[in-house]
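Engineer: Sequential numbering from 4 applies to the sequence shown in the working numbering.
The beta-carbon is built from N, C-alpha and C at its ideal position, and this holds for glycine as well.
Got a structure for you, written out below as structure tokens; questions coming shortly.
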Amino acid sequence: MTSGLTKLEYLSKMRNLFYITRGFTLANSAQALKRAKQSERNRQTNMAARTRLRTKIKRVVYSAEEGNAEVTEAAYHEAVPYIDGAVTKGIIHKNKAARLKSRLNARIVKLKQA
4 MTSGLTKLEY LSKMRNLFYI TRGFTLANSA QALKRAKQSE RNRQTNMAAR
54 TRLRTKIKRV VYSAEEGNAE VTEAAYHEAV PYIDGAVTKG IIHKNKAARL
104 KSRLNARIVK LKQA
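Right under this line is the structure:
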């Protein structure tokens, strides 16, 4: 399909745009309708980015629970750019990102000491 979307993702995207453009929104002007479309598109993008972020964090946590320091550290270094990117895109607050990185790093330090 277009831009690497699966058929199901494409149909879902079109369905959401249909609801926005066919009267399921309170938009009374072309400007408001355009803004509704942009909001829906941004919402889907943010949801996908948030999901990727959570997955990366879970990989660090699960590998730390298994007790493998090297794998945990590799997962941490893989997760940090996603955390920083989420801050840049406005998905999470910069203080939350700092807290996440600090807590994940504390798990790594604790693993190395054990």
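Would Leu107 be called buried (16 or more neighbouring beta carbons within 10 Å of its own) or exposed?
Structural biologist: Buried, by the Cβ-count rule.
Engineer: Going by DSSP in three states, Met4 sits in which element: helix, strand or coil?
Structural biologist: In this predicted model, Met4 has a pLDDT of only 48, less than 50, meaning its place in the structure is not dependable; the value taken from the coordinates is given anyway. Note: Met4 maps to coil in three-state DSSP.
Engineer: Distance, Cα to Cα, Met4 vs Gln34?
Structural biologist: With a pLDDT of 48 at Met4, under the threshold of 50, the predicted position of this residue should be treated as unreliable, though the coordinate-derived value follows. Approximately 29 angstroms between the Cα atoms of the pair.
Engineer: Around the Cβ of Leu14, are there at least 16 other Cβ atoms within 10 angstroms (buried) or fewer (exposed)?
Structural biologist: So Leu14 ends up on the exposed side.
Engineer: Can you tell me where the alpha helix (DSSP H) holding Ile86 begins and where it ends?
Structural biologist: Residues Ala72 to Thr91.
Engineer: Is it buried or exposed, Lys59, if we count other Cβ atoms within 10 angstroms and call 16 or more buried?
Structural biologist: So Lys59 counts as buried.
Engineer: At the level of alpha carbons, what is the spacing between Lys40 and Asn49?
Structural biologist: Looking at the two C-alpha atoms, the distance is approximately 14 angstroms.
Engineer: Going by CA-CA distance only, name the one from Ala78, Asp87, Arg53 and Asn19 that's closest to Ser66.
Structural biologist: Of the listed residues, the one whose Cα sits closest to Ser66 is Ala78.
Engineer: Would you call the CB atoms of Ala89 and Ala51 closer than 8 angstroms?
Structural biologist: Cβ distance not < 8 angstroms, so Ala89 and Ala51 don't count as in contact.
Engineer: Span of the alpha helix (DSSP H) holding Ser32?
Structural biologist: Counting along the chain, Ser32 falls outside any alpha helix (DSSP H), and DSSP gives it neither H nor E.
Engineer: If you draw a straight line from the C-alpha of Arg62 to the C-alpha of Glu43, how long is it?
Structural biologist: When rounded, the distance between both Cα atoms is 29 angstroms.
Engineer: On a CA-only basis, which of Ser105, Leu11 and Val112 is nearest Glu73? Give me that one, please.
Structural biologist: When each option's Cα is compared against that of Glu73, the closest is Val112.
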